[in-house]
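Encoded as C-alpha cells, the structure appears first; notes follow it.
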Amino acid sequence: MTEVHVLASRQKRSILTGTAVLIALAILLSLGTWQVERLHWKEKLLADIAERRQALPASLDDVEGMAAKGEDIDYRHITVSGEYVNSKERHFFATWHGQTGFYVYTPLQLVDGRYLFVNRGFVPYENKEPEMRMQGQLTDQQTVTGLARAKLADKPSWVVPDNDVAKNIFYWKDLDVMASSVGLDKAQVVPFFVDADDTPNPKGLPIGGVTNVDLPNNHLQYAFTWYGLAAALVIIVVVARFRKWGPAQ
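Residue numbers (this note's numbering): 258 to 506.
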C-alpha cells in the first residue's frame, strides 16, 4: 500500500471517528438539556401541587367545573357533604408508617343522589372488616374536607397485581370497578376520588390524612450525569489525540 493510500485510509478513519464522537456528544448534550427541561417542569408541578393543597377548599361544583375544562384537579383542596354508604366500602391494599393494611374507600351519597368515593384513611390489616371498627362507621350528614384525586385510566404498571374484587382487595384504584362491584351505576358516580384529611375519626379508625405526595425530582442529578459524560468524552478525545499525534506543531 502506497503512502498516499495509507494517508487516505487514516484520513477516512479519522473522519468516521470524528463523526461518531460528534454524534455521541450531541446525544449526551441533548439528554442533559432534556433533563434540565424536565427539572423545570417538575419544579413547576410541585409548586402547583403545593399551592392547590394550601388553597382554601373549593366546592364540588368548582372542582367538577375545572375537570370539565380539562384542568388538572389532582390534589385540589375540596370540601363535600353527604352521607356515607358504609355497606359499600371498598378496600385498597396499602401500608402506613410501616404497617400493612387498607385504605377504606366509602361512597358518599350527595344531595343530588350521586356518589363520591372518599378515601377515609388507613386501617390495619386486622381491622379490615367494618365490624372491627364500628364506632368509625359514621352515619348521618357528614362534611368531608380533603384533596381531590384524579381517576386512573389504566392499571399503573404490569407489576401491579390485578384487583381481587371477590375478596374486596384492590391493588390499584379502578373507580369504575369499585363502583360496579357494589352495584353503583357509573353515570351516578363522580369521576374522581377525594382523600379525606386527618380529622380524627371515633376510636381513631380510619386514620385520615394519608395522601402521599411523593414525586421524585432527580432530574438535576440526571442532567449532571449526561453533561458529565459529555465532558468526559471530550477529555478522552483530546487526551487520545495528544498521545497519538503529540502536540500540534
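Ideal Cβ placement from N, Cα and C applies to all residues, glycine included.
Query - Chain-order list of residues whose beta-carbon lies under 7 Å from that of G393 (same chain, five-residue window excluded) - result: As a first step, residue 393 must be located in the sequence shown, where it is residue number 136. Within its own chain, the residues whose Cβ lies closer than 7 Å to the Cβ of G393, once the five positions on either side in sequence are excluded, are N458, P459, K460, L462, P463, listed in chain order.
**Report entry** E346 classed as buried or exposed, judged by whether at least 16 other C-beta atoms fall within 10 angstroms
**Finding:** In the sequence shown, residue 346 corresponds to position 89, counting from 1. E346 comes out buried.
Report task. Have a look at V470, G485, V401, F499 and flag the residue whose alpha-carbon is nearest the alpha-carbon of D455. Result -> As a position in the sequence shown, residue 455 is number 198, starting the count at 1. It is V401 whose Cα lies nearest to the Cα of D455.
Report task. Return the first residue and the last residue of the alpha helix (DSSP H) that S437 is part of. Result -> Taking the first residue of the sequence shown as 1, we reach residue 437 at position 180. DSSP places S437 inside the alpha helix (DSSP H), whose first and last residues are 432-437.
Query raised in the report: Are the beta-carbon atoms of N384 and R390 separated by less than 8 Å?
Result: As a working note, residue 384 is residue 127 in the sequence shown. As a working note, residue 390 is residue 133 in the sequence shown. Taking 8 Å as the Cβ cut-off, N384 and R390 qualify as a contacting pair.
Query - Own chain residues within Cβ distance below 7 Å of A315, not counting five before or after - result: Taking the sequence shown and counting its residues from 1, one reaches residue 315 at position 58. If you ignore the 5 residues before and after A315, its C-beta comes within less than 7 Å of the C-beta of R333, H334, I335, all in its own chain and listed in chain order.
Query raised in the report: Rounded to the nearest angstrom, how far is the Cβ of P448 from that of K408, given a contact under 8 Å?
Result: Your numbering for residue 448 matches position 191 in the sequence shown. Your numbering for residue 408 matches position 151 in the sequence shown. About 5 Å; that satisfies the 8 Å criterion.
Query - Straight-line gap, T357 to P381 (C-alpha atoms, nearest Å) - result: As a first step, residue 357 must be located in the sequence shown, where it is residue number 100. As a first step, residue 381 must be located in the sequence shown, where it is residue number 124. Roughly 6 Å between the two C-alpha positions.
Requested in this report: Give me whichever residues DSSP pairs with H348 in a beta bridge.
Outcome: To locate residue 348, count along the sequence shown from 1; it is residue 91. H348 is bridged to V361.
Query raised in the report: Going straight from the alpha carbon of R228 to that of N425, what length do you get?
Result: Because residue 228 is not part of the residues shown, which for the chain are 258 to 506, the question remains open.
Requested in this report: Pick out the complete alpha helix (DSSP H) segments inside the stretch 400-451, 4 residues or longer, and give them in chain order.
Outcome: Counting only runs of 4 or more, we get 432-437.
Query raised in the report: Can you tell which of A281, F349, T276 has its C-alpha closest to the C-alpha of A487?
Result: Looking up residue 487 in the sequence shown gives position 230. Closest option to A487, Cα to Cα, is A281.
**Report entry** Length of the line joining the Cα atoms of F359 and A277
**Finding:** Residue numbering aside, residue 359 sits at position 102 when the sequence shown is read from its first letter. Residue numbering aside, residue 277 sits at position 20 when the sequence shown is read from its first letter. One C-alpha to the other measures close to 54 Å.
Requested in this report: Select from D369, G327, F379 the residue whose C-alpha is nearest the C-alpha of F350.
Outcome: Mapped onto the sequence shown, residue 350 falls at position 93. Per the C-alpha coordinates, the member of D369, G327, F379 positioned closest to F350 is F379.
Requested in this report: Could you tell me whether the stretch 295-313 touches the stretch 473-491, using the rule of 3 or more Cβ pairs below 8 Å?
Outcome: Three or more beta-carbon pairs drawn from the stretch 295-313 and the stretch 473-491 are found closer than 8 Å, and the two stretches are therefore classed as touching.
Report task. Could you name each continuous alpha helix (DSSP H) segment of 4 residues or more that falls completely within the stretch 289-334, going from the start of the chain to the end? Result -> Segments of the alpha helix (DSSP H) lying fully in the stretch 289-334: 317-325.
Query raised in the report: How would you write the range of the beta strand (DSSP E) that G378 sits in, first residue to last?
Result: Counting from 1 along the sequence shown, the entry for residue 378 is found at position 121. Start and end: 372-381.
Query raised in the report: Nearest to Y428 by CA position, among D329, H348, L286, is which residue?
Result: On the sequence shown, position 171 is the one that residue 428 refers to. Nearest option by C-alpha distance: H348.
Query raised in the report: Per DSSP, G393 is paired with what?
Result: As a working note, residue 393 is residue 136 in the sequence shown. The beta-bridge partner set that DSSP reports for G393 is empty.
Query raised in the report: For A312, does the count of other Cβ atoms within 10 angstroms reach 16, so buried, or fall short, so exposed?
Result: Along the sequence shown, read from residue 1 onward, the residue named residue 312 stands at position 55. Looking at its Cβ environment, which holds fewer than 16 other Cβ atoms inside 10 Å, A312 is exposed.
Requested in this report: Could you say which of A324, E388, L317 lies nearest to V367 if we only look at CA atoms?
Outcome: Taking the first residue of the sequence shown as 1, we reach residue 367 at position 110. Per the sequence shown, residue 367 should be read as Leu rather than Val. The shortest C-alpha to C-alpha distance from L367 to any of A324, E388, L317 is the one to L317.
Query raised in the report: Taking C-alpha atoms, which residue in L441, W483, V467 lies nearest to G355?
Result: Here residue 355 corresponds to residue number 98 of the sequence shown, with the count starting at 1. Looking only at L441, W483, V467, the smallest Cα-Cα distance to G355 is reached by V467.
Query - For I493: DSSP bridge partner residues - result: Locating residue 493 in the sequence shown gives position 236, where the first residue counts as 1. Paired residue(s): none; I493 is not in a bridge.
Report task. Assign Q506 to one of three DSSP states: helix, strand, or coil. Result -> Sequence index remark: in the sequence shown, residue 506 carries index 249 (1-based). Note that Q506 scores a pLDDT of 45, beneath 50, so its modelled location is shaky and nothing firm can be said.
Requested in this report: Have a look at A505 and Y484 and give me their C-alpha separation to the nearest angstrom.
Outcome: By one-based count along the sequence shown, residue 505 stands at place 248. By one-based count along the sequence shown, residue 484 stands at place 227. Residue placement at A505 cannot be trusted, given a pLDDT of 46 that sits under 50; the coordinates are not used to answer.
Query raised in the report: Which residue or residues does DSSP assign as beta-bridge partners of I464?
Result: Position 207 of the sequence shown, counted from the first residue, corresponds to residue 464. According to DSSP, I464 bridges with F379.
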